[in-house]
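Asker: Counting along the sequence shown from 1, when you hit position 26 you're at 26 in UniProt numbering, and nothing is skipped either side.
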Amino acid sequence: MTKEKKNIQKTDGGIFRIFELITESIGWLQIVASPLLIGLIVGAIIYFPDPTTTRLALVATLGLVIGVIWATKQWKGKGTIWFMSRIMATPELDKPDEEVKPNTGSNDGQKGNR
Numbered sequence: 001m002t003k004e005k006k007n008i009q010k011t012d013g014g015i016f017r018i019f020e021l022i023t024e025s026i027g028w029l030q031i032v033a034s035p036l037l038i039g040l041i042v043g044a045i046i047y048f049p050d051p052t053t054t055r056l057a058l059v060a061t062l063g064l065v066i067g068v069i070w071a072t073k074q075w076k077g078k079g080t081i082w083f084m085s086r087i088m089a090t091p092e093l094d095k096p097d098e099e100v101k102p103n104t105g106s107n108d109g110q111k112g113n114r
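1. Any heavy atom of the ligand SAH closer than 7 Å to the Cβ of SER25?
2. Between which two residues does the alpha helix (DSSP H) containing ALA57 stretch?
3. Sort PRO35, VAL59, SER34, ALA33 by Cα distance to ILE45 and report the nearest one.
4. Could you give the distance in angstroms between the alpha-carbon of GLY43 and the alpha-carbon of GLN30?
5. Put PHE19 into one of helix, strand or coil per three-state DSSP.
6. How about the segment 27 to 41 and the segment 52 to 72: do they share at least three Cβ pairs that are nearer than 8 Å?
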């Protein structure tokens, strides 16, 4: 029985590792995309006054290289999914639940004749 249990754990560990690799890869691509898009926008701004493809390619490549270095650094650190979750976190979720004030039946500041 002990051998069967260990085999199941190894199989599940492999499946979870594949899932983790897929999610980390998606997070890596998301991190790379941000500086790449910024590089493409800056490259387009530089490109339009003097249309030479070398300027556009140079700035876009610089954005790609920065993105790859940044994403790889995050992956080797705490992970890309951890990094992306910190960026996309909302402050409402960081605070403990606060009581919702009950509706008193007023008309949102309108004065009623009583």
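We put the beta carbon where it would ideally sit given N, CA and C, even for glycine.
Answerer: Well, looking at it:
1. No copy of the ligand SAH appears in this structure; indeed no ligand is present at all.
2. 53 to 76
3. The shortest C-alpha separation from ILE45 is found at VAL59.
4. 20 Å
5. helix
6. Contact holds: three or more Cβ-Cβ distances are below 8 Å.
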